[in-house]
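Residue 14 is where the sequence shown starts when you use my numbering, and the numbers rise one by one after that.
Note that beta-carbon positions come from the ideal geometry of N, C-alpha and C, so glycine has one too.
Take a look at the structure set out below.
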Amino acid sequence: MTPPQQILIVGGGTAGWMAACLLRQRWAARGVAVTLVESPEIGTVGVGEGSTPYLRGFFATLGIAERDWMPACDATYKCGIRFPGWSTVPGYESYVHPFFNEADRELGNQFFTNACLRRRGQAADANPQDFFLAAELARQRRAPHDLTEGPATDYAYHFDASKLGAFLHTHAVGRGVRHVEGTVARVEQHENGDIAAVHLANGERLAADLFVDCSGFKGLLINETLGEPFLPFADNLFNDRAVAMPTALVESEDIPSETVSTALRHGWAWQIPLTSRYGNGYVYSSAFVSDDEAECELRAHLGAAAEGVEARRLRMRVGRVARHWSHNCVAIGLAQGFIEPLEATALMLIQLSVEQFIGALEAGDFGPRHREAYNRRVNEMFEGVRDYVVAHYRLNTRHDTDYWRANRAHPNVSDRLASLLDVWDRGGDFEAELERHGPALMYLRPSWYALFAGMGRFPAELRPAPGAVTAAQARGRLGRMAAAFFSHRGALMGR
Ligand SMILES: Cc1cc2nc3c(=O)[nH]c(=O)nc-3n(C[C@H](O)[C@H](O)[C@H](O)COP(=O)(O)OP(=O)(O)OC[C@H]3O[C@@H](n4cnc5c(N)ncnc54)[C@H](O)[C@@H]3O)c2cc1C
């Protein structure tokens, strides 16, 4: 069987353009025509400025070098995410979720050992920020690039969302994707429910064999047309709003190479460094704080830098559709679902969803044979990421507001997360527990350790831990290792 000859993507946000690039790249040689229609009136969500390391694979697949896309998108390197204020446990008031490096092998193992000792009542140092190279690189504002071409380091990016969209648009159109501006006013279906065509407000009809719904939170095709239910995650992810505002960089300082996600009274604030500015925002729950109060709180958090800066208010639909691929339509991006941006996973889920869709379609001879398996796998990915994000809230130890107390107390955690917490807390075999869940967890062993240990989830009463590597010893070694890495600004300018 041959691939669908006409693919129509509805939506020109990051999801639409990422899907266009990947689908065209994969099937251009087989004569597949890809068209993308977007509404100039509706616009894009315009946020989403941090990635996971998966984005490196996305650009590698397209054959686009960092020097070609990073300057065009004001992009910077990201060594990990720092989380100040989530925990009140002494010594664990801030921690880092680092990206992991070959160079971490020795000290990383020491960290796992220390975390286990502490879990079982011995006072070994176990804050991940003291044991991972990426944390030290971020502390020194260095790039994840080694002057001596030492062991490979993993990393991700920060970028201007609108500029990334524009860059991918140009790339896709240059590779033969047809771009149409227009607002979809009506969707035409075949008798069996498959989508036949979309009709634009100007009367134009766009027909296709396969439709990709990238229309954002509204889910124009997947929800509104095909009636696929949306399953909210509101019972364990409370945040449903955000307010965003940019601030200026401090010119005299090097550019940070990490995202900072600071816990505030009713949610958390991101700070994402670009080469041109900081992107900032406060993600919060409308059940606990009003939009006005949240904006005031963000302004107070940012201080003088936010004076006179206009704020953008956003609503978030958190959850996922029941089935991402239904009839001849696959939903990608905010249309398929969204897990609040604490771990900056949305672009990763877009990329993985498209890649897995291509795989499922090809493996099924371009028919729907693997549709249900695809839906199960994408649901598993969403739920794996959700559990990891929920765990941050579950492990918080703040007492200042009902918001934080409610996040800790509600009973709505998955069996999987409940079991991980139980094994950790009673000093059981955490490794075996991680292995038992396998790839469904989405996050690997170091990430789970970094989160549980980083929040200071340990017994209060501790006995001495003779012989354990101390934080000071580990930091001394990391300091020497980090000296071999480029300054962040230097690496960005030398690109
Ligand atoms: C507060 C916040 C912070 C975030 N932070 C991150 C982050 O750090 N990292 C990350 O990976 N992700 C993040 N995200 C998610 C990220 O922004 C999105 O996943 C990404 O931008 C993709 O959006 P999209 O393309 O699905 O939707 P949108 O950007 O909303 O695009 C929708 C498109 O559909 C078109 N459209 C809609 N209706 C019609 C119609 N009737 N006719 C024609 N076209 C139509 C619009 O014109 C638009 O082009 C964040 C999201 C939010 C809300």
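Measure the C-alpha to C-alpha separation of residue i and residue j and round it to an integer number of angstroms.
i    : j    : result
Q364 : A33  : 11 Å
G507 : H158 : 11 Å
A496 : A485 : 17 Å
V296 : Q284 : 12 Å
A318 : V343 : 42 Å
D222 : V47  : 11 Å
A453 : Q369 : 15 Å
G216 : Q153 : 57 Å
F498 : T166 : 11 Å
E271 : K91  : 5 Å
M512 : Y108 : Residue 512 falls outside the range modelled here, since the chain spans only 14 to 508, and no answer is possible.
E446 : L120 : 23 Å
E448 : R199 : 48 Å
G76  : Q38  : 10 Å
L433 : F443 : 7 Å
D8   : L239 : Past the edges of the chain, shown from 14 to 508, lies residue 8, and the structure says nothing about it.
E6   : A220 : Because the chain here runs from 14 to 508, residue 6 falls outside it and cannot be looked at.
A504 : N409 : 36 Å
Would you mind working out which of the options sits nearest residue i, comparing C-alpha positions?
i    : options                : result
P245 : M329, D81, P286        : M329
E356 : I55, R95, L36          : R95
E241 : G98, H314, H340, S265  : H340
F145 : F125, A214, A473, D305 : F125
V426 : H412, H405, V102       : H405
F172 : A307, C86, T483, A324  : C86
R411 : A466, G98, T260, D167  : G98
S274 : T260, P259, R132, N293 : N293
H110 : F498, G480, S460, R490 : S460
R458 : G44, S107, W437        : W437
P84  : S303, Y170, F230, P472 : Y170
H308 : S270, I352, R254       : According to the sequence as given, residue 308 is Glu; it is not His. For E308, the nearest C-alpha among the options comes from R254.
P424 : D248, E353, F243       : D248
G44  : E79, V190, E115, A151  : V190
R218 : T183, T101, E201, N122 : E201
E35  : R118, F112, V225, I55  : One point to set straight first is that residue 35 is Leu, not Glu, in the sequence displayed. Selected option, being the one with the closest Cα: V225.
A78  : E51, T101, H184        : H184
F301 : W281, S289, R290       : W281
Provide the residue(s) that pair with residue i in DSSP beta bridges, ordered along the chain.
i    : result
T260 : Y291
A328 : Per the sequence shown, residue 328 should be read as Arg rather than Ala. Looking at the DSSP assignment, R328 forms a beta bridge with R254.
W283 : S274, G294
C342 : F224, S339
E201 : A210
T89  : H171
S107 : P97
S500 : R155
G350 : R333
Just confirm the distance between the C-beta atoms of residue i and residue j, as a whole number of angstroms; I'd bet it's less than 8 Å.
i    : j    : result
G451 : E149 : About 31 Å separates the two Cβ atoms, so there is no contact after all.
G61  : A359 : 6 Å
L68  : H192 : About 23 Å separates the two Cβ atoms, so there is no contact after all.
R12  : L250 : The shown model of the chain, from 14 to 508, leaves out residue 12, and the question about it has no answer.
L430 : V402 : L430 to V402, Cβ: 10 Å. No contact.
R278 : D304 : With a Cβ gap of about 14 Å, R278 and D304 do not count as contacting.
R488 : D267 : Not quite, the Cβ-Cβ distance comes to about 20 Å (not below 8 Å), so this is no contact.
V197 : V211 : 5 Å
N140 : G104 : 6 Å
V555 : M31  : No information on residue 555 is available, as it lies outside the stretch 14 to 508 that the chain covers here.
C227 : G29  : 4 Å
Any beta carbon of chain B sitting closer than 8 Å to that of residue i?
i   : result
R95 : The question asks about chain B, but that chain is absent: this structure has only one protein chain.
If contact is defined by three or more beta carbon pairs under 8 Å, each pair taking one atom from either stretch, is the region 303–318 in contact with the region 20–31?
The region 20–31, when compared against the region 303–318, does not touch it at the 8 Å Cβ threshold.
With three or more beta-carbon pairs closer than 8 Å as the criterion, would you say the region 124–142 touches the region 464–481?
Yes, since at least three Cβ pairs between the region 124–142 and the region 464–481 fall closer than 8 Å, the two stretches touch.
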